[in-house]
Amino acid sequence: MAVNVLGIVVASVVSFIVGMLWYGPLFGKTWAALSGMKMPKKMTPAMKQKAMKSMSLGFVISLLMAYVVSNFVALLNVTSAASAFQLALWAWLGFMVPIIMGAFLWENKSFKLVVLNSAYWLVSLFVMTLILAYWR
10 MAVNVLGIVV
20 ASVVSFIVGM
30 LWYGPLFGKT
40 WAALSGMKMP
50 KKMTPAMKQK
60 AMKSMSLGFV
70 ISLLMAYVVS
80 NFVALLNVTS
90 AASAFQLALW
100 AWLGFMVPII
110 MGAFLWENKS
120 FKLVVLNSAY
130 WLVSLFVMTL
140 ILAYWR
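What follows is the structure, encoded as structure tokens:
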């Protein structure tokens, strides 16, 4: 099955941007509070290096996810926004929500944090799926 490498990269970049906005200006303070994190007033070089390493690994994971989504898009012949949303919704509900709920059930994370993170993954997955559906 042929995949569009450029589409995968673009879907990953856009998903990464969604994450930066979601966990930055949109819900960053809420996420930090719900996670029990205290945001420093100034980033040290060590903190910046750790953040860059985490973001780099996160982008690689995003590429892997986009590659897998691209294969599902091709297998299921997803060609519209409605079918992209349907695929994203079912994949999110069937795979991501059960995994994320583990944080609430077993890791003592707040339900609000689980909802915030789950909503991000739905939006991110839909954006990826939509891009890959139209960029085949």
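Going by the numbering used here, the first residue of the sequence shown is number 10, and it counts up by one from there.
Even for Gly, the Cβ is constructed at its ideal location relative to N, Cα and C.
- Counting only residues of its own chain and dropping the five nearest sequence neighbours on each side, Leu72 has a CB closer than 6 Å to the CB of Ser21.
- Per DSSP, the unbroken alpha helix (DSSP H) holding Phe81 starts and ends at 54–84.
- For Phe68, same chain residues with a beta-carbon under 6 Å away, outside a window of 5 residues either side, are Phe25 in chain order.
- DSSP places Met105 in the helix class (H, G or I) of the three-state scheme.
- Classified as buried, Leu139 has 16 or more neighbouring CB atoms from the shown chains inside 10 Å of its CB.
- Counting only unbroken stretches of 3 or more residues, no beta strand (DSSP E) element lies wholly within the region 14–59.
- Taking 8 Å as the cut-off, the beta carbon of Val82 is found closer than this to the beta carbon of Leu96.
- In the DSSP assignment, Ser89 falls outside any alpha helix (DSSP H), carrying neither H nor E.
- With respect to Asn80, Val18 sits apart: the two C-beta atoms are not nearer than 8 Å.
- Secondary structure at Ala97: helix, using DSSP grouped into helix, strand and coil.
- Put simply, of Lys121, Phe104, Ala55, Asn117 the residue whose alpha carbon is nearest the alpha carbon of Leu131 is Phe104.
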